Amino acid sequence: SQQGEEDPQALSIQEGENATMNCSYKTSINNLQWYRQNSGRGLVHLILIRSNEREKHSGRLRVTLDTSKKSSSLLITASRAADTASYFCATDALGVNRDDKIIFGKGTRLHILP
Amino acid sequence: DGGITQSPKYLFRKEGQNVTLSCEQNLNHDAMYWYRQDPGQGLRLIYYSQIVNDFQKGDIAEGYSVSREKKESFPLTVTSAQKNPTAFYLCASSLNLAPGFGEQYFGPGTRLTVT
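Going down the list, the protein sequences come from chains A and B. Numbered according to my numbering, the first sequence terminates at residue 143, and the numbering increases by one at each position without gaps. Numbered according to my numbering, the second sequence terminates at residue 253, and the numbering increases by one at each position without gaps.
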């Protein structure tokens, strides 16, 4: 399976509720990033969390990182219709000899219901 | 306006033809990347370049080629050797924050259809 895997694959919640998405990975990393993608568009960077950080906030977003469990979560509080999008985590896969890779998961499709 | 641009937005080609996708950035970023995205899937790295005149293969480089002659430009050629070229192609750039990969800025994408 892939380095970064999001869970759940799809999530529908009522507007105003909180949305939580999870990401698991396999190898040691330098950092983990979360991105949002609206349908048919490019990705937009949300948050980068380094391997020595445990939690980071940005507005209504909260990201946690547990390197012992090789997992991260993205929490969106007080969801809005505009949050409807796909959310991806991206991790470094540390390599040797300049072959580091960045790997995106398949994403969580979030749908905010009015 | 600072940003990263890709052109064209939609591209149609006949099977057996090579096609080049454009990617330009004026963010003064050292690193640039090409990804492929298939429906309902995540992004897969095709090629990346961390400095002018140097680039590395990603996970799915076969059937693709790139060049990095200028810092601002990282064109991707989809050759006739690529078995299944129809996809959404995304270009990105970032500051080169070794170790690891920094925050990436994405272009709007090019949707390539080969028939």
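Ideal placement from N, C-alpha and C gives every residue a C-beta, glycine not left out. If you're wondering where the values come from, they're calculated on a predicted model, not measured in any experiment.
In angstroms, rounded to a whole number, what distance separates the CA positions of residue i and residue j?
{"i": "B/Asn191", "j": "B/Thr224", "result": "28 Å"}
{"i": "B/Glu241", "j": "B/Thr158", "result": "26 Å"}
{"i": "B/Gln194", "j": "B/Ala219", "result": "19 Å"}
{"i": "B/Asn234", "j": "B/Ile189", "result": "9 Å"}
{"i": "A/Leu72", "j": "B/Tyr243", "result": "8 Å"}
{"i": "B/Gly201", "j": "A/Glu46", "result": "45 Å"}
{"i": "B/Phe239", "j": "A/Asn60", "result": "8 Å"}
{"i": "B/Gln179", "j": "A/Ile132", "result": "12 Å"}
{"i": "B/Thr248", "j": "A/Arg83", "result": "36 Å"}
{"i": "A/Asp95", "j": "B/Gly154", "result": "47 Å"}
{"i": "B/Lys147", "j": "B/Pro246", "result": "8 Å"}
{"i": "B/Ser145", "j": "B/Leu165", "result": "17 Å"}
{"i": "A/Arg109", "j": "A/Gln43", "result": "9 Å"}
{"i": "B/Glu207", "j": "B/Met170", "result": "12 Å"}
{"i": "A/Ile58", "j": "B/Leu149", "result": "36 Å"}
Examine chain B for any beta-carbon lying closer than 8 Å to the beta-carbon of residue i, and answer yes or no.
{"i": "A/Cys52", "result": "no"}
{"i": "A/His74", "result": "yes"}
{"i": "A/Lys85", "result": "no"}
{"i": "A/Leu77", "result": "yes"}
{"i": "A/Ile131", "result": "yes"}
{"i": "A/Lys135", "result": "yes"}
{"i": "A/Gly71", "result": "yes"}
{"i": "A/Asp121", "result": "yes"}
{"i": "A/Gln62", "result": "yes"}
Could you check where the beta strand (DSSP E) with residue i kicks off and where it finishes?
{"i": "A/Ala119", "result": "Ala114 to Ala122"}
{"i": "A/Ala39", "result": "Ala39 to Gln43"}
{"i": "B/Arg174", "result": "Ala169 to Gln175"}
{"i": "B/Ile198", "result": "Looking at the DSSP string, B/Ile198 is not in any beta strand (DSSP E), and its letter there is neither H nor E."}
{"i": "B/Val157", "result": "Val157 to Gln163"}
{"i": "A/Thr49", "result": "Ala48 to Ser53"}
{"i": "B/Ser145", "result": "Ile142 to Ser145"}
{"i": "B/Gln188", "result": "Leu181 to Ile189"}
{"i": "A/Lys29", "result": "With chain A running from 30 to 143 in the structure shown, residue 29 of chain A is simply not present."}
{"i": "A/Glu35", "result": "Glu34 to Asp36"}
{"i": "A/Ile141", "result": "Thr137 to Leu142"}
{"i": "B/Arg151", "result": "Tyr148 to Arg151"}
Thinking C-alpha only, which one of the options is nearest residue i?
{"i": "A/Glu56", "options": "A/Ser100, A/His74, A/Ala48 and A/Ile76", "result": "The amino acid occupying residue 56 of chain A in the given sequence is Thr; Glu does not appear at that position. Answer by Cα proximity: A/Ser100."}
{"i": "A/Ile105", "options": "A/Ser115, A/Ser97 and A/Lys98", "result": "A/Ser115"}
{"i": "B/Asp197", "options": "B/Val252, B/Trp172 and B/Arg182", "result": "B/Arg182"}
{"i": "B/Ala230", "options": "B/Arg151, B/Thr251 and B/Arg174", "result": "B/Arg174"}
{"i": "A/Glu35", "options": "A/Asn81, A/Leu77, A/His86 and A/Thr120", "result": "A/Thr120"}
Chain C beta carbons: is any one of them nearer than 8 Å to that of residue i?
{"i": "B/Phe150", "result": "Looking at the structure shown, chain C is missing, and the protein chains on hand are A and B."}
Output yes if chain A places a C-beta closer than 8 Å to the C-beta of residue i; else output no.
{"i": "B/Asp168", "result": "no"}
{"i": "B/Leu181", "result": "yes"}
{"i": "B/Glu162", "result": "no"}
{"i": "B/Glu241", "result": "yes"}
{"i": "B/Asp197", "result": "yes"}
{"i": "B/Phe244", "result": "yes"}
{"i": "B/Gly141", "result": "no"}
Quick check on the DSSP output: what are the complete beta strand (DSSP E) runs of length 3 or more inside the stretch 211 to 253 of chain B, in order along the chain? Listed in chain order, they are 214 to 216, 225 to 232 and 248 to 252.
Can you list the alpha helix (DSSP H) stretches of 4 or more residues lying completely in the stretch 65 to 99 of chain A, in chain order? Within the stretch 65 to 99 of chain A, no complete alpha helix (DSSP H) run reaches 4 residues.
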